Every structure is written in structure tokens, then in C-alpha cells.
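K.L.:
Got a structure here, written out as C-alpha cells. Questions coming.
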Amino acid sequence: MRQLLVTGGAGFIGSNFVRHVLAHTDDQVTVVDKMNYAANAASLDGLPVGRCRLVRGDVADPALVDRLLADHDAVVHFAAETHNDNSLADPEPFLHSNIIGTYTLLEAARRHGTRFHHISTDEVYGDLPLDGTERFTEHTPYNPSSPYSSTKAGSDLLVRAWVRSFGVNATLSNCSNNYGPYQHVEKFIPRQITNILTGRRPKLYGDGRNVRDWIHVEDHSSAVLRILDDGRPGETYLIGADSERSNREVLGILLDLLGHGPDDFDLVVDRAGHDLRYAIDSSKLRGELGWEPKFLSLEAGLADTVEWYRDNPGFWSAAKESTELFYAGRGQ
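Right, here's the structure in full:
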């Protein structure tokens, strides 16, 4: 039985990973989360009694982090500030959480010999041409575009340096865009779903041609667990499900699933520095570790997601009004 620490485990991807671990292993899980606006304790409701506990705290707090890592066999580091729009408005929290937080955890892992897995994003690589076929690999040079992606790139480099210089037993993964249950309504897919469910019109940045490589959060979770168990120390693995679609195409699927016409949306001001296209080559992960996604169809994954938001308004309704007021103030 492993004692597993999950940072940021009350957020979207972290909480789904916790649920996956508890369903597929005998691990005991401790979640550490500072419970900012993007975290929600309800994300951890209904988990097995006695196998998961929540500690409220900041991963940039050295004393707290040292106490926690002393009692755990491994840490999976999800905790991060992640919203591009917020990083453009105020970069400082991204430096604090993504750089200082990662450094603090790495130093504690070095002292205690803790297995470390670092969660990152494909956004560290910048973007690709809309009309190209190139995909990101583990060897693609970093070229981040925003304060968010820059601080994630910096945290990745810290992990690599602590592996090489100090022998920390760490792996890294860079994943494509996630969707699924328990995601905050500020994000693209849940925002459009909940707009429709609350009688609002969906919103599309710019011309909607920007392409993302989408993956259901359950598939991301299974990949991370596989890397934690079987990944080679010091290695980076890219996680993707071969589901490249433009934002316009994704919105079209959602409109159809929710019984609306294909043109029932508003175009809004584009995001500053909006990356054009992301695409992941996950062949290393699939070949070395034998991982495959469960959701092979984006349409099926989005249908599953729509039903979850339809069935769980108690999770997202409290944040909906303030989120839409924020975006209205930005013309979005």
C-alpha cells in the first residue's frame, strides 16, 4: 500500500486523478490544496472513507511540504495556476505557485528520497501552424507564449535539473487539453455547456479556427498512474488522444448534443497571443508503457461530459454568475 501525496488534488485534473487512483489501486491518498477559486472540496465528495484526506495549504510553504513528504512514498504534482487569461491580467500568482511551489516540492523530495511525478502541459512548446501536420514530441524545443505557459516551462526545467544535479527520482508528463467532470466553468468546454444550460449563448474566441488536441480527463489520469508506476526516472512522456479539433468544431458538437442550431453562438474578442494549434505525439508513452486512451471518440467523451454537467448543477452553479460577469467585462 503506497502513501501518495497529490498536490492540487481538489482541482479539476487532480481530483479526477485521485478518484482514478482510489478506484484502481490500494493507495492511501493525501491531497494538499490551497483551495483557491479553481479548487472545490465537492470534487472529492463520496470518496472511500479512510483512504483520502484533504490538507489545506500552499505547496510553496516549505515547512508544510517537508512534513508531508516525510510521510509519503510518492508525490504527483498537479498544483498550478493554469488559466491563460488570468496570467495575462496578473502574472505574479503563476510565478509563486508554478515556480516557487515546484522548487519547494523538489527540495523536500530531495531530502526525503520521495518519488516525484510532475504534471505539465503541451503549451510549453508554443504553437504549430494551422495547416501543418507536425506534432509535439518529447524533443520539441520549448517556446511558451504566455506567463502561464512560461512558468510551466520553468517548472519543467527545474524538475529536469533536480534529476540531473541531485538524483531526484522524477518523471514528467506534458498533456494536451483536458475536458470532463469537475472542471471550472471558466474553461472553454464547461463554459459553453453551462451557458446553454442556463439560457445564455455560447461564446467563441476570434474566428474559432484555433485547434486543440483534446483528451478526456479519465484518460489523462490513467496515463499518469501508468507513468508513476512504470515510467523511467528522468524521462518525459507526452499524453494525448489524437483528437485534434478546432474550437469551432468542438462548439458545433456541443450545440448538437444540446439540441441547438450550428450558428447559435456569439463571436467575441480573441485572447491576446492566442496559440494557433496544439498536437501531441504520444507514441513514446504508448510504445514504452503500453498505455491507450479509453475515450477513442471525442463525440462520445463530450456526450459523457454534457451529461455530467446537466446532472451536477450544484457543483458549478455558484461560480457561473461571477465567471460570466468577469468575461463580460473583457468583452468575451
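Taking the UniProt record's numbering, the leading residue of the sequence shown gets 1, the next gets one more, and so forth. Glycine included, C-beta positions come from ideal geometry on N, C-alpha and C. Fair warning: this is a prediction, and the values are worked out from it, not measured in the lab.
How would you label Arg67, buried or exposed, when you count the other beta carbons within 10 angstroms and need 16 or more for buried?
P.N.:
Here residue 67 refers to the residue found at position 67 when the sequence shown is read from its first residue. Label assigned to Arg67: exposed.
K.L.:
Beta-carbon within less than 6 Å of Ala303's beta-carbon, same chain only, minus the 5 sequence neighbours each way: which residues are those?
P.N.:
Locating residue 303 in the sequence shown gives position 303, where the first residue counts as 1. Within the same chain, Ala303 has close Cβ partners Leu257.
K.L.:
Taking the alpha-carbon positions, what's the Thr236 to Ala319 distance?
P.N.:
By 1-based counting over the sequence shown, the position of residue 236 is 236. By 1-based counting over the sequence shown, the position of residue 319 is 319. Put simply, the backbone Cα of Thr236 is about 35 Å away from that of Ala319.
K.L.:
Just how far apart, CA to CA, sit Lys294 and Asp242?
P.N.:
Along the sequence shown, read from residue 1 onward, the residue named residue 294 stands at position 294. Along the sequence shown, read from residue 1 onward, the residue named residue 242 stands at position 242. Per the coordinates, the alpha-carbon of Lys294 lies some 12 Å from the alpha-carbon of Asp242.
K.L.:
Suppose contacts are defined by Cβ-Cβ distances below 9 Å. Is Leu238 in contact with Glu138 by that definition?
P.N.:
Within the sequence shown, the letter at position 238 stands for residue 238. Within the sequence shown, the letter at position 138 stands for residue 138. Yes, the Cβ-Cβ distance between Leu238 and Glu138 is below 9 Å.
K.L.:
Report the residue ranges of all beta strand (DSSP E) runs contained in full by the segment 230-292; include only those spanning at least 3 residues, in chain order.
P.N.:
236-239, 244-246 and 266-268
K.L.:
Where do the ends of the alpha helix (DSSP H) carrying Phe166 lie?
P.N.:
Numbered from its first residue, the sequence shown carries residue 166 at position 166. Taken as a continuous stretch (DSSP letters only), the alpha helix (DSSP H) holding Phe166 covers Pro147 to Phe166.
K.L.:
Where does Ala42 fall in DSSP's three states?
P.N.:
For this step, residue 42 is matched to residue 42 along the sequence shown. If DSSP states are grouped into helix, strand and coil, Ala42 belongs with the helices.
K.L.:
Can you round the beta-carbon distance between Asp73 and Gln3 to whole angstroms, since I take them to be within the 8 Å contact cut?
P.N.:
In the sequence shown, residue 73 corresponds to position 73, counting from 1. In the sequence shown, residue 3 corresponds to position 3, counting from 1. A Cβ-Cβ separation of about 5 Å places Asp73 in contact with Gln3 under the 8 Å criterion.
K.L.:
Quick check: what's the CA-CA separation for His274 versus Arg56?
P.N.:
Position 274 of the sequence shown holds residue 274. Position 56 of the sequence shown holds residue 56. The alpha-carbon atoms of His274 and Arg56 are separated by roughly 33 Å.
K.L.:
Would you call Pro181 buried or exposed, if buried means 16 or more other Cβ atoms sit within 10 Å of its Cβ?
P.N.:
The count along the sequence shown starts at 1 and reaches residue 181 at position 181. Answer is buried; the Cβ neighbour count reaches 16.
K.L.:
Does the segment 7-19 come into contact with the segment 213-228, if we say contact requires no fewer than three beta-carbon pairs (one atom in each stretch) closer than 8 Å?
P.N.:
yes
K.L.:
From the DSSP output, read off the bridge partner residues of Arg53.
P.N.:
In the sequence shown, the residue the question calls residue 53 occupies position 53. Looking at the DSSP output, Arg53 shares a beta bridge with Thr30.
K.L.:
Taking the alpha carbon of Phe265 as the point to measure from, which residue in Arg286, Arg271, Arg248 and Arg277 has its own alpha carbon closest?
P.N.:
For this step, residue 265 is matched to residue 265 along the sequence shown. It is Arg248 whose Cα lies nearest to the Cα of Phe265.
K.L.:
According to DSSP, is Ala300 part of a helix, a strand, or is it coil?
P.N.:
Within the sequence shown, numbered from 1, the residue matching residue 300 stands at position 300. Annotated three-state conformation of Ala300 is helix, per DSSP.
K.L.:
Whether or not the segment 274-287 and the segment 119-133 are in contact is what I'm after, with contact meaning three or more pairs of Cβ atoms, one per stretch, closer than 8 Å; do they touch?
P.N.:
Contact between the segment 119-133 and the segment 274-287 is present: 3 or more CB-CB pairs across the two stretches fall below 8 Å.
K.L.:
From which residue to which residue does the beta strand (DSSP E) around Ile215 run?
P.N.:
As a position in the sequence shown, residue 215 is number 215, starting the count at 1. It spans Val211 to His216 - the beta strand (DSSP E) in which Ile215 sits, taken as one unbroken run.
K.L.:
Tell me, to the nearest whole angstrom, how far the beta carbon of Leu44 is from that of Leu54; I am working on the premise that it is less than 8 Å.
P.N.:
Counted from its first residue, the sequence shown places residue 44 at position 44. Counted from its first residue, the sequence shown places residue 54 at position 54. Leu44 to Leu54, Cβ: 6 Å. Contact.
K.L.:
In the DSSP assignment, what are the bridge partners of His118?
P.N.:
Looking up residue 118 in the sequence shown gives position 118. Looking at the DSSP assignment, His118 forms a beta bridge with His77 and Leu172.
K.L.:
Taking only the alpha-carbon atoms, compute the straight-line gap between Ser165 and Leu298 and give it to the nearest angstrom.
P.N.:
For the purposes of this step, residue 165 is identified with residue 165 of the sequence shown, where counting begins at 1. For the purposes of this step, residue 298 is identified with residue 298 of the sequence shown, where counting begins at 1. The straight-line gap from Cα to Cα measures roughly 41 Å.
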